[in-house]
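Chemist: The opening residue of the sequence shown carries number 9 in our numbering; numbering runs sequentially from there. All residues carry an ideal CB built from backbone N, CA and C; glycine is no exception. Quick caveat, the model's predicted, so the values are computed rather than measured. Let me give you the structure first, and then I'll get to my questions.
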Amino acid sequence: MGAWRRIGSWSAIALLGWVAGCENNKTATAPEKLLGSTAAWVNGQVRSITYNQDFFCRTPPTSGASSSCEVGEAATQRPDNQGRPIPILYVMTPIGFRPADATLHCPTVGNCVAHPTTVDLSRLFGASAANAQLPAHSHILDTEAGNQFSAFEIRVIGVTDPNIWNQIATNPTLANVRSLQQRGQGITQDVPSNLFLFFRIDPIARP
């Protein structure tokens, strides 16, 4: 958490926009219809991911957000994934700068399909961020998850250096992210959350 504390002065202002599109949802909806799609980096390729349920957040951990979503502490309750392991979606979050929209998978503040509108960031940035919206972000996956609908556990990785962001956008693989994290400059370690999203990965890369 040290890297996050060092940027605590930035606080909730630059956190606007990561999570959006749905109101407080403490109960996952039944998978009766498709909710929409975003892009994601999947093993270095740009893919579409299609959501079939709204987000899932349960307390504990405690959360001051209207969504009950918390970044900074791991979930104690997990959604049913039909007996399958729950893979991880890494949410790459620019902090203190705005990267090119072409490198953002959820670029619009307050509008990203199947995400909550608010999240508690007080464990990272103090009490003023207890019901914050998060900044625009992108997604990294290192699994195909069988190309079927699945729950995905969210882990957040903050990027504080535009040059590091550009290196990730040029080579958007988890291996590259891990290499950059080992250097310890301009990027945080993984931050746990109690947030889960539900989607399927398109097997065909975007042009």
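Compute the Euclidean distance between the alpha carbons of Val-50 and Arg-66, then round it to the nearest angstrom.
Modeler: By one-based count along the sequence shown, residue 50 stands at place 42. By one-based count along the sequence shown, residue 66 stands at place 58. Roughly 27 Å separates the two Cα atoms.
Chemist: Helix, strand or coil for Asn-51 per DSSP?
Modeler: To locate residue 51, count along the sequence shown from 1; it is residue 43. Note: Asn-51 maps to coil in three-state DSSP.
Chemist: Looking at Ala-159: is its Cβ nearer than 8 Å to the Cβ of Ile-209?
Modeler: Within the sequence shown, residue 159 is the residue found at index 151, counting from 1. Within the sequence shown, residue 209 is the residue found at index 201, counting from 1. The answer is no: Cβ separation not under 8 Å.
Chemist: Here's a check: name, in chain order, each residue in its chain whose Cβ is nearer than 6 Å to the Cβ of Thr-111, leaving out the five neighbours to either side.
Modeler: Along the sequence shown, read from residue 1 onward, the residue named residue 111 stands at position 103. For Thr-111, where only same-chain residues beyond five positions count, the Cβ hits under 6 Å are Ala-177.
Chemist: Quick one: what does DSSP say Arg-191 is sitting in, helix, strand or coil?
Modeler: Locating residue 191 in the sequence shown gives position 183, counting from the first residue. If DSSP states are grouped into helix, strand and coil, Arg-191 belongs with the helices.
Chemist: Given 8 Å as the limit, is there contact between the stretch 129-145 and the stretch 44-61, that is, 3 or more CB pairs closer than that?
Modeler: no
Chemist: Thinking Phe-147 and Leu-97 are a contact (beta carbons under 8 Å), I'd like their distance in whole angstroms, please.
Modeler: For the purposes of this step, residue 147 is taken as residue 139 along the sequence shown, with counting starting at 1. For the purposes of this step, residue 97 is taken as residue 89 along the sequence shown, with counting starting at 1. The residue asked about is misnamed: residue 147 is His in this sequence, not Phe. Contact holds; Cβ gap of about 6 Å.
Chemist: Which of the three DSSP states is assigned to Ile-96 in this structure?
Modeler: Residue mapping note: residue 96 aligns to position 88 of the sequence shown, counting from 1. Note: Ile-96 maps to strand in three-state DSSP.
Chemist: Find out if the Cβ-Cβ distance for the pair Gln-141, Thr-116 is shorter than 8 Å.
Modeler: Position 133 of the sequence shown holds residue 141. Position 108 of the sequence shown holds residue 116. No, they are not a contact pair.
Chemist: Rounding to the nearest angstrom, what Cα-Cα distance links Ala-47 and Pro-215 in this structure?
Modeler: Numbered from 1 along the sequence shown, position 39 holds the residue referred to as residue 47. Numbered from 1 along the sequence shown, position 207 holds the residue referred to as residue 215. Ala-47 and Pro-215: Cα-Cα distance of roughly 12 Å.
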